[in-house]
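Heads up, my numbering is the position in the sequence shown plus 20, with the first residue counted as 1. Glycine included, each C-beta is placed from N, C-alpha and C at the ideal position.
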Amino acid sequence: MNRIPTLGPLFLILLFQGPVRAAAQLDPGDARDGWILLHDCESLFGWAPRGEAKWQVSNGELVASGGRGHLATTTEFADFELRAEVWIDRSANSGIFLRCPAEGEINQENAYEVNVFDNHRLWPTGSVNGLSRARTLV
């Protein structure tokens, strides 16, 4: 497994245009293996909005309105594995940012962005922008 060097504290940042839904509970096997839920499907507990977007939970989904923005975890993580289930439409350009600064702007210069959906020929879905191109579209 290739490891990405640490740039400092890890803050997981979600940048989505459209709703994001998470499972409301863990599978018992996942819980035994140490997995944790990052979203409870009821509130923004554990998340801090950054940027212009206004975030809310509607029908268990994280929904942004009013501009571009990010959601950052309020907890720092060291080594981790991330599983994400997302639904995104064809017009969106979204990603999951990793190892972001605790404050200030979030961009490709100070964090890693894993594309969730992007029609960009150089950095398609699954790519780590500016670092590693996905070999197969997912």
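Residue burial annotation: His90 is buried, with at least 16 other C-beta atoms found within 10 angstroms of its C-beta.
Under DSSP, the beta-bridge partners assigned to Asn135 are Gly115. For Arg103, the closest alpha carbon among the candidates Ala154, Ser78, Cys61, Trp55 is that of Trp55. Contact between the segment 71–82 and the segment 45–52 is not established, with fewer than three Cβ pairs separated by less than 8 Å. Residue pairing of Pro69 in beta bridges, as defined by DSSP: Leu91.
By DSSP's assignment, Ser78 forms a beta bridge with Glu81.
Your pair Asn149 and Asn130 does not check out as a contact, with CB atoms roughly 12 Å apart and the cut at 8 Å.
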